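Line by line, the protein sequences give chains A and B.
Our numbering runs 83 ahead of the 1-based position in the first sequence.
Our numbering runs 3 ahead of the 1-based position in the second sequence.
Note that CB positions come from ideal geometry on N, CA and C, so glycine has one too.
Computed from a predicted structure; not experimentally measured.
These notes concern the structure reproduced below.
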Amino acid sequence: MENLSFLKLVIPISNLKSWCEVSWISLLAQKHNDNNQFGESPYFEQLYHREPLGNDMIRRIFSSDDMSFVLVGMLKVSPYSGRLQLTDATGSIDAVVPDLPLDVNFQAVYEVKDYKLVIEGSSKKIYMQQQYLDEPLSCRTIFQHFSPRASSQLVVYVHFYLKKSTCMHFFQFSTYMDNSDSLKCNSGEMFHLLYVTHKFPAYHSLHEDVSLSNSSEIFLTNLDKKSDCIDNFLRENYRSSQIPCLLVLSRSNSQSFQFPFYLHCARGFKDNGMLHNHSDSKILLEFSSNNLDKYQMLRVGSYYLLKCSGKGLDCKSKACKHITQVKPLVISESIIWRLSILFDEAKHQNGQSQHVCSCVSSVRNDKCLTENFCQPGQTFLHLNDETHGLSDVHLHMYSEAINQLEELESLLKSFHSIFPSLDKITTVSSCIQQMMAQAALTSGILIPANELPQGNLLSLSGNIESISIYDFKPKCACSSFTVCEHWSTCEVCMLVNDDCHMVRIRGSISRYAYPIGLGHAVNATFHKVLLTQNSSQTKELMLTPMSFIVVNTVKEICPLVNVEGLIQESRWNIPYEVFINTKSSSRLISNVLQCTDSDLIHLNCRVVCIITLVLENQTHGPVMSQPVGYPKITTASIPLLGFLVEDGSSLCYCWADYGRAETLLRLHESSQMIFSSGKIVRGPEKKYSQRTTEYLLYEMLKKHQKIIVRNHGAAPDLSCVDLSFLIDSDQVFSKAEEKLLRSIINNACHAPTTLSIAGITMNSTSAFDGRMEFLEHRQTLQSLPYLWVKEVVPIDSRQEAYGRTYTLSGRMRQEAGDVHLSI
Amino acid sequence: MNWFQAIHVKLLATDFLSLTVHNPPNYAPTFLRRGMKVWRVETVGVVVSKERTGDYLKFFVDDGTGCIPCILDVTDRSHLGLAAEVETEIALREAATVELGKLVRVRGMIMLGEEDGLHLKVRDVVVERDPNMEALHWMDCIRLARTCYDRVARPKTPALALPSYDMQASMTVSIVSC
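Spelled out as structure tokens, the structure:
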């Protein structure tokens, strides 16, 4: 019998979506004993209301190698979302195709064998109709007729490269066209060389006619077909306003054509041998609603050749007057080629191009921005991939003197001087610096509340740590954009960080502007966000109608892999056992001494005093190993915090570290506390007024590496006045730094929130693991019970009150007879 | 070391106002609740009166069973050092949050003043945004009284035969959804 293992199943896209949901259910079922407890626990719902996405989000990336089916469909751009989709007769799925050419054939059918399937969703809310729990890949379900199903709560999209896919020729589809003729160039034809500096996001107008535009610099060219012999004009033409080039029109599977020509700067001027372009030569290209595909495929920072046609763009011999006066409309017949410009040192013999020495084909490679984003061994996906030779056309520009690098450099300079540079894409840390610099300039200047936001536009790249989506318009009863299909805009709030700092970006985003893959644990570039000042004079970043978001890299998130460990590390730990138990399970501290080791004790208490605080600089260490899915607070690490808590019955000596310690110290609240009173923590030379507590701690620890704070205050006052500071460096410990630490410690002791702490009693000292020096510090405290804190949550007053009332009423009925307690 | 001196005992206002005061000459006064010495108190209630006099903020906290006078010292002691400066800042910030009608949680030391009588010298005062905290405080007061304070006062007495508080009258506790 023949080996048929090479055969793979082709499934309809609707079955693919069902398979995704079934796989999701089984994925969650592996990690939780009871899926329903998340969906039905009322306390969970309350606490997670409008919780930032990412705390419970999972993203899995499945490779086609691990799956037993291939995808077959046609490419189209959805009229509802503006996104590229792979579609068949049963449905469609969002698709990311990094190497999609501008003149892709939307009539062709593609067979995709090599792809990545991305599924994102919440670990809690799963809705599943029973009928789809059947095997989605069985013959019965594939051939059975489906009725349109309810919207999925999962985000599903597929990522593949077109060059690795097979274009299938079906002769019965008479509309199929071979588009290889599009790469033709005739003598006398005019092209416009465009450089895309920005893409405005698409909006759905009232008449459902999508109006899009982008802006670009235009540079007029005169394409002239010359003979193969070009040496005789190279030297003198370069000295004028013309640059010699070789145009290579090629496609991966078709013949290439080469044309020597020179680049002519019609509106530039020459200065000391350098070419310049007028800075006001910007145009807006408008795309009609049936050309969404061309709009989608344009990339910011790339070069394109736009062929002049009599219809859309009417060009005359050397100057296109129409382009400077009107907003040219790109129509279906417009031919756009993506261009790579290569600076080549080698001679061209018989039209054969040689090696490339430098390339200015597109926007800078964002790999350098994402190299720290993905951990070794972690699955990730480049959605904005610039490294696969995506250009249709290559323009080779070569120096007249092959071996003289100076000529090549001046040629490069000339070229760069013609084309403007993109807005510099800043990192989050650089953005913070700009915010602080501007805050220092504008401090004390009040902005009237009714004025429109003002500020500078900048482009920013970073990793999205969390994203909150809310306030859908028009209103729809959903909290996830995946479920609601009728929204046009929504409000988002994102926390974006690099390895050191975090900023918040908020604003309104339209459905068309919401890119595929945007979400938690994603590296993205935000073009033209507004750096403005809000009513409380805090610098913030806002999305504007012209902001454009590009998702660069997405990575897998599997928080359920180690649920317990991740929950312990989070800022607000939500031990769900606490909320399943409707009776109050908290104990009094006076009863803790009766507990044995390793008992998990719940206390409702308040911090009364900090005894020991150890801070360490962790810039190169465990910051990278912090669990994903939770906001990154600081690179300052708290390996140990010793503190006293009370609940009215007794005192307890507690110990915590890292995330729990940060919660107890209220680091996220300290900024407001320290700076809202009007008295700022002043450094020796600079104002710290706009810096967060985390940033100040980071600066301090970068300087001192390790700081140990001990409280020598005498009982029973338990004040935090008599503190000693031990630093692990030769640097001077300034008063400002001391004041910051004192403020943090005092704030922790004046916490407004009663906390629910879960920990294990430590009748032995085994948990200290070599940190015994902290135990010797206070002999008087050794008579108190010790507790190692595992979880810290804000107290749920309703649950606690219910529990106490239940317990009390039962006892009272037993002891006091007829007592009425009505609630 | 008697750690009870450092604990802020949770008392209802009616219990606080009925503390037994022993005020021997040349000694600091002591305060007893049913034979148990009390040094510090925590209360939760609504601010019903507020007065700023010089370097002191005096306000009354009503928890439904009575009003507890509280005095917050906001004297500027910044010249005494960084620790005093930080404490002054925190005191000023907390004083600014005390407003009429707000539900607050106050911890302080029991004092006896010539003019003010029995009052709390405020250690910290925070605004409680959760209205259920008041009811929870009542529950805590009852629970601690039954399981802890009364046993400290009368250690040989078994668990209460009669409730410490008069529960014969019906007490309505409303749990607020928020």
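- Contacts with chain B at 7 Å (Cβ-Cβ) include asparagine 829 of chain A.
- At least one CB of chain B lies nearer than 7 Å to the CB of glycine 731 of chain A.
- Glycine 67 of chain B carries a coil assignment under DSSP once its states are collapsed to helix, strand and coil.
- Between the alpha carbons of leucine 671 of chain A and serine 839 of chain A lies a distance of about 12 Å.
- Look at leucine 35 of chain B: its C-beta is not under 7 Å from any C-beta on chain A.
- Taking C-alpha positions only, phenylalanine 463 of chain A is separated from methionine 140 of chain A by approximately 16 Å.
- Annotated three-state conformation of methionine 136 of chain B is helix, per DSSP.
- Less than 7 Å separates the beta-carbon of valine 579 of chain A from that of valine 511 of chain A.
- When B:Leu139, B:Ser52, B:Met142, B:Glu45 are compared, the shortest CA-CA separation from valine 129 of chain B is found for B:Glu45.
- At a Cβ-Cβ threshold of 7 Å, serine 549 of chain A and histidine 603 of chain A count as neighbours.
- Between the alpha carbons of tyrosine 869 of chain A and cysteine 688 of chain A lies a distance of about 14 Å.
- Just measuring C-alpha positions, the residue of A:Leu724, A:Thr888, A:Asp800, A:Tyr889 sitting nearest isoleucine 827 of chain A is A:Leu724.
- Distance from glutamate 820 of chain A to methionine 783 of chain A at the Cβ level is roughly 5 Å; contact confirmed, criterion being Cβ atoms closer than 8 Å.
- Sequence-distant partners of serine 733 of chain A (beyond 5 residues in either direction) whose C-beta falls short of 6 Å from its own C-beta, in its chain, are Ile672, Ser673.
- As DSSP reads the structure, leucine 779 of chain A sits in no beta bridge.
- Secondary structure note for serine 52 of chain B: its beta strand (DSSP E) is the uninterrupted segment 43 to 56.
- Comparing C-alpha distances from glutamine 190 of chain A to each of A:Asn546, A:Leu169, A:Val179 shows the shortest one belongs to A:Leu169.
- In chain order, Ser147, Lys247 place their CB closer than 6 Å to the CB of aspartate 197 of chain A, counting only its own chain and leaving out the 5 sequence neighbours on each side.
- Neighbours of isoleucine 10 of chain B in chain A, taken as residues at a C-beta separation under 7 Å, are given in chain order as Glu729, Gly731, Ser733, Leu734.
- The bridge partners DSSP lists for serine 673 of chain A come to none.
- Minimum Cα-Cα distance from tyrosine 244 of chain A among the listed residues A:Ala178, A:Asp730, A:Pro284, A:Ser866 corresponds to A:Ala178.
- Glycine 104 of chain B is positioned such that its CB atom lies no closer than 7 Å to that of valine 125 of chain B.
- DSSP, read as helix, strand or coil, puts aspartate 76 of chain B in strand.
- In this model, serine 97 of chain A and isoleucine 721 of chain A are separated by some 50 Å (Cα to Cα).
- In this structure, serine 630 of chain A lies near valine 612 of chain A, with their beta-carbon atoms less than 7 Å apart.
- Apart from sequence neighbours up to five positions away, the residues of its chain that approach glycine 538 of chain A with a beta-carbon distance below 6 Å are Leu613, Leu614, Thr615, ordered along the chain.
- Isoleucine 366 of chain A and proline 877 of chain A have their alpha carbons spaced roughly 55 Å apart.
- Secondary structure at alanine 607 of chain A: strand, using DSSP grouped into helix, strand and coil.
- By the Cβ-count criterion, glycine 545 of chain A is buried, with 16 or more other Cβ atoms from all chains shown falling within 10 Å of its own Cβ.
- Chain A has no Cβ within less than 7 Å of the Cβ of isoleucine 71 of chain B.
- Restricting attention to B:Tyr30, B:Thr33, B:Ile74, B:Val50, the CA atom closest to the CA of leucine 60 of chain B is found in B:Ile74.
- In this structure, the straight-line span from the alpha carbon of lysine 638 of chain A to that of valine 238 of chain A is close to 14 Å.
- Using a Cβ distance threshold of 7 Å, isoleucine 694 of chain A and alanine 831 of chain A do not count as a contacting pair.
- As a beta-bridge residue in DSSP terms, arginine 36 of chain B pairs with B:Met39.
- Between valine 50 of chain B and phenylalanine 34 of chain B, the gap from beta carbon to beta carbon reaches 7 Å or more.
- Not one beta carbon of chain A lies nearer than 7 Å to the beta carbon of valine 24 of chain B.
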